[in-house]
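Undergrad:
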Amino acid sequence: MSLLDQIDKNKLPKHVAVIMDGNGRWAKEKGKLRVFGHQNGVVAVRDTVEGAVAAGIPFITLYAFSTENWNRPKLEVMALMELLVATINKETKTLMDNGVRLNAIGNLSLLPERCRRQLEEAIHKTSANSRCTLTLALSYSSRWEIVEAAKKLAQKVQEGDIAPDDINEQLFSESLTTGDMPDPELMIRTSGEFRISNYLLWQLAYAELYFTQKLWPDFRREDLYEAIIDYQKRERRFGMTSEQVN
Ligand code: FPP
């Protein structure tokens with residue numbers, strides 16, 4: 375039986391979040407420049423997204439570039455931005471063919487103009503697709519996002535739209551960049567690192583975490599399916615007892 379067939383379609387995570395890590399190490403292992411790792415990371419992105427669509431996952435969010443990544447060597451940052459523009463350009467047709475809606479979260483105002491324009495175009499073109507929403511976290515950090523949400527709510531209080539007591543978990547969630555999505559139920563990180571790295575800190579409160587030694591460029595849909603099968607074996611208690619949830 376294939377891995378896809380082993381997945382229980384009634385217990386799918388509605389939202390899978392991924393930290394794509396290990397591109398640099400993958401390239402180094404092969405005696406190549408880091409950029410070579412990022413280029414091959416795109417192959418993994420394509421296969422993982424297609425695999426998510428085939429499995430019926432409605433939301434997948436990829437950590438493509440963190441706020442902290444701006445501190446990398448200028449040449450690597452520029453190469454990553456170029457790769458992003460080229461990939462979005464090239465893959466829009468694949469997104470359309472697969473019914474995937476593209477979305478982006480993060481401080482997009484920091485992206486180079488060309489990159490932002492390409493992104494906006496692809497987001498617009500794919501906006502009517504409804505099989506799966508692919509969100510790219512770009513120039514994203516969770517603490518930035520939480521501070522922005524707090525500012526938005528403070529502004530609403532100041533303008534008299536809401537009272538401080540109206541602020542609750544739901545309103546706060548809706549004020550985040552992921553306001554229109556369900557929280558991720560499964561978070562996958564590749565390359566054997568056991569960290570969250572400022573990624574969706576609020577939204578991952580009850581997510582199941584899955585870590586694999588695989589470096590991102592080697593990650594394929596079968597690895598996603600293994601993570602989903604592992605997720606489906608777990609007992610999600612949300613603070614209750616095992617007896618209560620069963
Ligand atoms: C982490 O590996 C990866 C990144 C910072 C960039 C991720 C980008 C891609 C996979 C390519 C473009 C993506 C899209 C969505 C088009 P690392 O460089 O930190 O690896 P290391 O930890 O081994 O150094």
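Sequential numbering from 375 applies to the sequence shown in my numbering.
Every residue gets a Cβ at the ideal spot worked out from N, C-alpha and C, and that includes glycine.
Since we're looking at a predicted model, the values are computed, not measured.
Between PRO591 and GLY473, is the Cβ-Cβ spacing less than 8 Å?
TA: Within the sequence shown, residue 591 is the residue found at index 217, counting from 1. Within the sequence shown, residue 473 is the residue found at index 99, counting from 1. No, they are not a contact pair.
Undergrad: Using CA coordinates, which residue listed in GLU519, MET452 and ASN445 is at the minimum distance from PHE546?
TA: Position 172 of the sequence shown, counted from the first residue, corresponds to residue 546. Here the closest residue by C-alpha is GLU519.
Undergrad: Can you tell me the Cβ-Cβ gap for GLN577 and THR615, rounded? I've got them flagged as a contact below 8 Å.
TA: Within the sequence shown, residue 577 is the residue found at index 203, counting from 1. Within the sequence shown, residue 615 is the residue found at index 241, counting from 1. Going by Cβ atoms, the distance from GLN577 to THR615 rounds to 25 Å, so no, they are not a contact pair.
Undergrad: Near ILE381, what residues of its chain come up, given a Cβ to Cβ distance below 8 Å and the 5 sequence neighbours on each side ignored?
TA: On the sequence shown, residue 381 is found 7 positions in, with the first residue counted as 1. Closer than 8 Å at Cβ, skipping near neighbours: ALA429, TYR599, ILE602, ILE603 and GLN606.
Undergrad: From HIS412 to GLU456, what distance separates their C-alpha atoms?
TA: Along the sequence shown, read from residue 1 onward, the residue named residue 412 stands at position 38. Along the sequence shown, read from residue 1 onward, the residue named residue 456 stands at position 82. Straight-line Cα distance between these residues: approximately 11 Å.
Undergrad: Would you say TRP518 touches the ligand FPP, meaning its beta carbon is less than 7 Å from a heavy atom?
TA: Here residue 518 is taken as the residue at index 144 of the sequence shown, counted from 1. It does not: the Cβ of TRP518 is nowhere closer than 7 Å to a heavy atom of the ligand FPP.
Undergrad: Do you know whose CA, among ALA391, GLY405 and GLU543, lies nearest PHE433's CA?
TA: The residue labelled residue 433 in the question sits at position 59 within the sequence shown. The residue with the shortest Cα to Cα distance from PHE433 is ALA391.
Undergrad: Helix or strand or just coil, what does DSSP make of ALA401?
TA: Your numbering for residue 401 matches position 27 in the sequence shown. DSSP places ALA401 in helix when its eight states are reduced to three.
Undergrad: In terms of DSSP beta bridges, what is ASN463 paired with?
TA: Indexing the sequence shown from 1 puts residue 463 at position 89. According to DSSP, ASN463 bridges with nothing at all.
Undergrad: Which first and last residues belong to the alpha helix (DSSP H) in which GLU487 is found?
TA: Numbered from 1 along the sequence shown, position 113 holds the residue referred to as residue 487. First-last of the alpha helix (DSSP H) with GLU487: 487 to 499.
Undergrad: My output table needs one value for ILE562: the three-state DSSP class, helix, strand or coil.
TA: Within the sequence shown, residue 562 is the residue found at index 188, counting from 1. Reduced to three states, the DSSP call for ILE562 is strand.
Undergrad: Quick one, which of ALA418, LEU476, ASN477 and LEU377 has its alpha-carbon nearest ILE393's?
TA: Start at 1 with the first residue of the sequence shown, and residue 393 comes out as number 19. Nearest of ALA418, LEU476, ASN477 and LEU377 to ILE393, Cα basis: ALA418.
Undergrad: I'd like the span of the alpha helix (DSSP H) that includes LEU545, first residue to last.
TA: Within the sequence shown, residue 545 is the residue found at index 171, counting from 1. Run containing LEU545: 543 to 549, per the alpha helix (DSSP H) assignment.
Undergrad: Would you check whether the ligand FPP has a heavy atom nearer than 7 Å to the C-beta of LEU469?
TA: As a working note, residue 469 is residue 95 in the sequence shown. Checking the Cβ of LEU469 against the ligand FPP gives no.
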